[in-house]
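A quick write-up on the structure given underneath.
Residue numbers (my numbering): 96 to 444.
Structure, rendered in structure tokens:
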């Protein structure tokens, strides 16, 4: 249903009806939606698997519409094709499963180009992060500005940020390694109170002391207390509430994404290009990349990976290792580009 909601939002944004299937194939809603999904995948806005699953969900919806007679069109919506999937059983015997696919399906394959980090996104540069934060501080709501700051400075996913409780902030403890500037915040189902995390991973993640102080100050501010007074009893401990006292938190943060979308459009219109492909989940990739780069400057690779994995609550070490490979590859590519410039372009003496 979340994929159908994504399709519905796209239709609304494009001002199209779900039954828009004119004679010209390129103008049909399904083909245009597929093109936008592929472009979003190639820009790193969504993971390849998300693009594939979303398109498949929409195609299943239209199969149902056709089967029930709720939609009739004078021409085929797609071309059917048979695909063979080779399977191997526990005894080593192979057999082929024949399934029906369409020419609208999006293959789940890696996007050519730079290494993609978790969720298929790329980090911002330090300058890009500065531009985003400055614009958000001046033009977004205080709540969104704080959420983005938490994302950039702790690497928390949006669903974790939206599920933070005031008691969560009160139960923090000084970091044993750097108690003067960092604290530890408990997340996951084992935390008290529990805070949502991907995969139900529990742990203590670092949070800058200055950020923690600002969050505590916001939690007791008149602005938030007015929202808390309008909230249902079960939501009153949430740090972030809408102006009507409702939680921002559904698993995909739709209320936040709506404000983020409007802010992004306004920033791009003002010529701030870093916003063109900026989405909230890039804050996590930016945090993890900067943290890994700093850790590699002071620790052995194995220790740096363990440190970043704990800070980001990665379930698998392979996810953390992507950041090591990304940093190493980016450095090598930058050096290669500089050498090319010196030797072949003659731009550097």
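Cβ atoms here follow ideal geometry from the backbone N, Cα and C, with glycine treated the same way.
- Under the DSSP assignment, residue 143 falls in the alpha helix (DSSP H) whose first and last residues are 143–163.
- A residue is called buried when at least 16 other Cβ atoms come within 10 angstroms of its Cβ; residue 256 meets this threshold and is buried.
- Residue 338: not part of any alpha helix (DSSP H); DSSP gives it neither H nor E.
- Rounded to the nearest whole angstrom, the C-alpha separation of residue 335 and residue 326 is 11 Å.
- Under DSSP, no beta-bridge partner is assigned to residue 418.
- For residue 351, the enclosing alpha helix (DSSP H) begins and ends at 349–364.
- Here the alpha carbon of residue 294 sits roughly 7 Å from the alpha carbon of residue 410.
- Counting only the Cα atoms, residue 355 lies some 8 Å from residue 374.
- Contact between the region 289–306 and the region 240–251 is present: three or more C-beta pairs spanning the two stretches fall below 8 Å.
- Beta bridge pairing from DSSP links residue 268 with 279.
- Taken through DSSP and simplified to helix, strand or coil, residue 108 comes out as helix.
- As computed with DSSP, residue 300 is found in a beta bridge with 280.
- As a beta-bridge residue in DSSP terms, residue 290 pairs with 283.
- One Cα belongs to residue 130, the other to residue 121, and the distance between them is close to 10 Å.
- Taking every protein chain shown into account, the CB of residue 344 has 16 or more other CB atoms within 10 angstroms, so this residue is buried.
- The C-beta separation of residue 147 from residue 202 comes to about 7 Å, placing the pair in contact by the 8 Å criterion.
- 8 Å or more divides the Cβ of residue 380 from the Cβ of residue 370.
- By the criterion of a C-beta distance shorter than 6 Å, residue 258 is surrounded in its chain by 290, 291 and 344, once the five residues flanking it on both sides are discounted.
- At a Cβ-Cβ threshold of 8 Å, residue 239 and residue 311 do not count as neighbours.
- Scanning its chain for C-beta atoms nearer than 6 Å, with the 5 sequence neighbours on each side dropped, one finds around residue 144 the residues 203, in chain order.
- Counted as a single uninterrupted DSSP element, the alpha helix (DSSP H) harbouring residue 255 occupies residues 253–257.
- Residue state for residue 318 is assigned as helix, using DSSP reduced to three classes.
- The DSSP-derived three-state label of residue 426 is helix.
- For the region 215–244, the full-length alpha helix (DSSP H) segments reaching 4 residues or more read 221–234 along the chain.
- Here residue 395 carries a coil assignment [DSSP, helix/strand/coil].
- Fewer than three beta-carbon pairs drawn from the region 271–279 and the region 383–393 are found closer than 8 Å, and the two stretches are therefore not classed as touching.
- Taking residue 321 as reference, the option from 242, 337 and 118 with the minimal CA-CA separation is 337.
- If you look at residue 128, you'll find it in the alpha helix (DSSP H) that goes 124–137.
- For the 8 Å CB-CB criterion, residue 332 and residue 260 form a contact.
- Annotation for residue 235: 358 place their beta carbon closer than 6 Å to its own, counting only its chain and skipping 5 residues before and after.
- Take residue 220, set aside five residues on each side of it, and no residue of its chain has a beta-carbon closer than 8 Å to its own.
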